[in-house]
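These notes are about the structure you will find just below.
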Amino acid sequence: MTLPNPEQLLPEMAAALDLHLSSHRIEQPRFIGIRTGGVWVAQALLALRGKDEALGILDVSFYRDDFTQNGLHPQVRPSELPFEIEGQHLVIIDDVLMSGRTIRAALNELFDYGRPASVSLVCLLDLNARELPIRPDVVGATLSLPPEQRVKLLGPTPLALEYKTLASAN
Amino acid sequence: MTPIDAKRPLQLNDNGQLRHFLSLDGLPRELLTEILDTADSFLEVGARAVKKVPLLRGKTVCNVFFENSTRTRTTFELAAKRLSADVITLNVSTSSTSKGETLTDTLRNLEAMAADMFVVRHADSGAAHFIAEHVCPDVAVINGGDGRHAHPTQGMLDMLTIRRHKGDFEKLSVAIVGDILHSRVARSNMLALKTLGCPDIRVIGPKTLLPVGLEQYGVSVYNDMNEGLRDVDVVIMLRLQRERMQGGRLPSEGEFYRLYGLTTQRMALAKPDAIVMHPGPINRGVEIESAVADSAQSVILNQVTYGIAIRMAVLSMSMSGQNAQRQLENEYAAEEQN
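For the protein sequence lines, the chains are A and B, in the order given.
So for the first sequence, my numbering puts the first residue at 1; every next one is plus one.
So for the second sequence, my numbering puts the first residue at 1001; every next one is plus one.
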């Protein structure tokens, strides 16, 4: 199965996002990309929107629930949020949605900055492997993979998707 | 197959990650840089409305202080709390040891309280190392200063201060001034600067307060302070350790200040944008002039803030290394059974 081309998915996603925001009467959304792939997708989406909108960057390493198993990510970097969170309508953007645990970590982190009015989720790819009740509001494409297979986003320009097979332990 | 490597440094796990933090001796440059990078991220956490992340939630950190200290104890406590750990602080100098309990017995009792980490400060060199060797293997030990040997978190917070204010270590001249002989901070700083590639490390002090064998640290030694301070980027002042001084090493404090006190005039010999550091507590008028300590070049209070971030980095990285080691050992055991 060939993977979709992100550059082709993005215009549709931008249109769907527009629709989502207007139907929820959100006039001033605050965009937040999750490091690293989510930031690339967010930058591409903001470029398509063509407005001068600030982008927040979130590094969820300190909030992951697999710390006791996997430890600290060695390349953790500071989160950068150039706007208030309190009372704002947030749009979280990530590249690949799988278990939903990254998004849970992101939500936990964002709530430490304040109480947002709402949070929406945009994902380039949904792998249909949710382990938590977390669903995207806007999604580029949905596909199902065999258990040992993953997808990785390459970027930032051009964006491309690539298969990755996990080195299995047994 | 279980890799048993007697030469593997005690403070690293089989993957080369930190599992105890006892000394900067033998730690590779990449690891020191990783500590600094992680601390940079924790600095940002300290600037938030909620200054807390859930990394060590459910873990218990036990600060065991056999020697008094205010700054190190409180910043370790704050660091552990900001990582969501539960924290107990024991001033052992005022508790059971004064009733005759041995070091190992005190530790067994703390282990029985299911502590996951010990932060140890002790007046004897090597105490933290001894404890790391003798506690149960899952517990991480952090050295909060042992005798004249090492104060690695102070060393790393000094490196973070230098990197944030002066940038690339490979272009810097750094002077360490004062009572080098009694200073574990000096030793940790020399090791860290050398590992991080600082080409010009100068050590300035009277002959009576310089240890023998300083050459092994790759430093140049100056007895004349005016000569040593010329064109440096960073001046690290040390506290004159009056409590460790036993007669004969110095004629008087006044004499020391006249020869090695950091005054405004002397500071003018360094580069115009040089920074002044001091591990604290500062003795105004003994090793540093008040006007210098309070000047725009002084980053002494920034060091305290950076200290919390460094301690958060070291606590979380050691816990992470311990967890990884436990997993590895489970895998070895599973392989042996197959």
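Think of the CB as a built atom: it goes at the ideal place given N, C-alpha and C, for glycine as much as any other residue.
If we define contact as Cβ-Cβ less than 8 angstroms, is residue i a contact residue for chain B?
i	result
leucine 72(A)	yes
arginine 115(A)	no
proline 82(A)	no
arginine 77(A)	yes
aspartate 59(A)	yes
aspartate 112(A)	yes
phenylalanine 62(A)	yes
phenylalanine 67(A)	yes
Within 8 angstroms of any Cβ in chain A, is that where the Cβ of residue i sits?
i	result
threonine 1104(B)	no
arginine 1048(B)	yes
alanine 1006(B)	With a pLDDT of only 47 at alanine 1006(B), under 50, the local geometry of the prediction cannot be trusted, and no value is derived from it.
methionine 1113(B)	no
threonine 1038(B)	yes
glycine 1016(B)	no
alanine 1324(B)	yes
glycine 1321(B)	yes
serine 1183(B)	no
glutamate 1034(B)	yes
serine 1188(B)	no
Helix, strand or coil: how does DSSP classify residue i here?
i	result
asparagine 1339(B)	The structure shown does not extend to residue 1339(B), since chain B is modelled only from 1001 through 1338, so no value can be given for it.
valine 1212(B)	coil
asparagine 1013(B)	coil
proline 6(A)	helix
proline 74(A)	coil
glycine 56(A)	strand
phenylalanine 1130(B)	helix
proline 1003(B)	Note that proline 1003(B) scores a pLDDT of 43, beneath 50, so its modelled location is shaky and nothing firm can be said.
aspartate 94(A)	strand
histidine 20(A)	helix
phenylalanine 62(A)	helix
phenylalanine 1021(B)	strand
glutamate 12(A)	helix
glycine 1026(B)	coil
glutamate 80(A)	strand
arginine 1057(B)	coil
arginine 1121(B)	strand
glutamine 69(A)	helix
At which residues does the beta strand (DSSP E) containing residue i begin and terminate?
i	result
aspartate 126(A)	118-126
threonine 165(A)	160-165
proline 1281(B)	First-last for proline 1281(B): undefined, no H or E at that position.
leucine 110(A)	Taken as a continuous stretch (DSSP letters only), leucine 110(A) belongs to no beta strand (DSSP E), being part of the alpha helix (DSSP H) at 101-113.
threonine 1089(B)	1086-1091
methionine 1(A)	Note, methionine 1(A): premise wrong, no beta strand (DSSP E); not H, not E.
aspartate 1200(B)	1200-1204
arginine 30(A)	29-34
histidine 1165(B)	Here histidine 1165(B) belongs to no beta strand (DSSP E); instead the alpha helix (DSSP H) covers 1152-1166.
threonine 1060(B)	1060-1065
glycine 140(A)	138-142
serine 1173(B)	1173-1177
tyrosine 1217(B)	Tyrosine 1217(B) -> no beta strand (DSSP E), and no H or E assigned at all.
valine 1185(B)	No beta strand (DSSP E) holds valine 1185(B); the alpha helix (DSSP H) holding it covers 1184-1195.
valine 1234(B)	1234-1237
What are the start and end residues of the alpha helix (DSSP H) that includes residue i?
i	result
serine 1041(B)	1029-1046
arginine 150(A)	Element bounds for arginine 150(A): not the alpha helix (DSSP H) but the beta strand (DSSP E), 149-154.
glycine 1307(B)	1300-1337
methionine 1267(B)	1264-1267
alanine 47(A)	37-49
threonine 1074(B)	1071-1082
methionine 1113(B)	That residue, methionine 1113(B), is in no alpha helix (DSSP H); it is neither H nor E in DSSP.
serine 1290(B)	1290-1293
leucine 1259(B)	1253-1260
valine 1228(B)	The question names valine, but residue 1228(B) is glycine in the sequence shown. First-last of the alpha helix (DSSP H) with glycine 1228(B): 1225-1229.
Does the beta carbon of residue i come closer than 8 angstroms to any beta carbon on chain C?
i	result
valine 1045(B)	Checking the listed chains, one finds no chain C in this structure; the protein chains it contains are A and B.
* Of the residues that make up the region 1052-1068 of chain B, which ones have a beta carbon closer than 8 angstroms to any beta carbon in chain A? -> Residues of the region 1052-1068 of chain B with a C-beta less than 8 angstroms from any C-beta of chain A: Lys1052, Val1053, Pro1054 and Leu1055, listed in chain order.
* For the region 1315-1329 of chain B and the region 1276-1295 of chain B, state whether three or more C-beta atom pairs, one from each stretch, are separated by less than 8 angstroms. => no
* Residues of the region 1301-1317 of chain B with Cβ closer than 8 angstroms to any Cβ of chain A, in chain order -> Ser1316 and Met1317
* Residues, ordered as in the chain, of the region 1247-1267 of chain B that lie near chain A by beta-carbon distance below 8 angstroms -> none
* Asked: Is it a yes or a no for the region 1182-1198 of chain B touching the region 1023-1041 of chain B, going by three-plus beta-carbon pairs under 8 angstroms?
  -> yes
* the region 121-132 of chain A in contact with the region 66-83 of chain A per 3-pair CB rule at 8 angstroms -> no
* Meets three-Cβ-pair contact criterion under 8 angstroms: the region 1163-1180 of chain B and the region 1128-1146 of chain B -> Contact annotation: the region 1163-1180 of chain B does not touch the region 1128-1146 of chain B, with fewer than three C-beta pairs closer than 8 angstroms.
* Report yes or no: do three or more beta-carbon pairs, one from the region 1230-1239 of chain B and one from the region 1251-1269 of chain B, lie closer than 8 angstroms? => yes
* Asked: For the region 1160-1176 of chain B, which residues have a beta carbon sitting closer than 9 angstroms to at least one beta carbon of chain A?
  -> none
* Any chance the region 65-72 of chain A sits against the region 32-48 of chain A, with 3 or more Cβ pairs inside 8 angstroms? -> no
* Asked: Between the region 1322-1332 of chain B and the region 1013-1024 of chain B, do three or more beta carbon pairs fall short of 8 angstroms?
  -> yes
* Is there contact here, the region 1106-1126 of chain B with the region 1058-1074 of chain B, by at least three beta-carbon pairs under 8 angstroms? -> yes
* Would you say the region 150-161 of chain A touches the region 1097-1113 of chain B, given that touching needs at least three Cβ pairs under 8 angstroms? -> no
* **Cβ contact (3+ pairs, closer than 8 angstroms) linking the region 1175-1191 of chain B and the region 1149-1160 of chain B** => yes
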